[in-house]
Amino acid sequence: MMPGQGKPLPKFMQLAGEWIFENQVFLHHAGTEAGADFTRGAERLDGSFAVGFSGTQLATAFGLELADIIEANQVGTLIFVGTAEVPPVHGGSRATAYFFRIGDSEAVLNVETYQSEGRA
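Take any residue in the sequence shown, count from 1 to its spot, add 4: that is its number in the numbering used here.
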């Protein structure tokens with residue numbers, strides 16, 4: 005299991021869910037908060053950033069049900085493999101692919117970031 009995997013998210017994050025890799029990547033449970041079907045970011049108490057994926061979003065990527073993803077995370081069979089920089093396809097300035105595995109099945113979710121440029 006990954007460090008903290010399956011452990012509930014802390015209350016200060018104000019999200020229903022659990023860690024996939026504590027303080028780095030989390031699973032939030034769709035339908036329990038606004039914007040639940042999307043990737044979410046959360047600032048940790050130390051000011052660093054963690055990224056969260058909707059359980060529904062990840063279940064769809066694997067072709068599974070939400071309950072299957074939650075169970076896989078809680079028993080440690082959902083594996084966060086890592087990340088890779090990929091070209092943005094939706095107008096973002098950067099994109100990162102997040103790779104997951106359950107048994108022999110793999111899923112990839114891409115996250116694009118948008119950086120606005122300002123002038124003084």
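Ideal placement from N, C-alpha and C gives every residue a C-beta, glycine not left out. Computed from a predicted model, the values in this text were never measured in an experiment.
A Cβ-Cβ separation of about 6 Å places K11 in contact with E26 under the 8 Å criterion. Per DSSP, the continuous beta strand (DSSP E) segment holding E116 begins and ends at 109-117.
In the three-state reduction of the DSSP assignment, E89 falls in the strand class, which pools E and B.
Rounded to the nearest angstrom, the gap between the Cα atoms of V115 and V79 is 26 Å.
Across the structure, M5 and H94 are spaced so that their CA atoms are roughly 33 Å apart.
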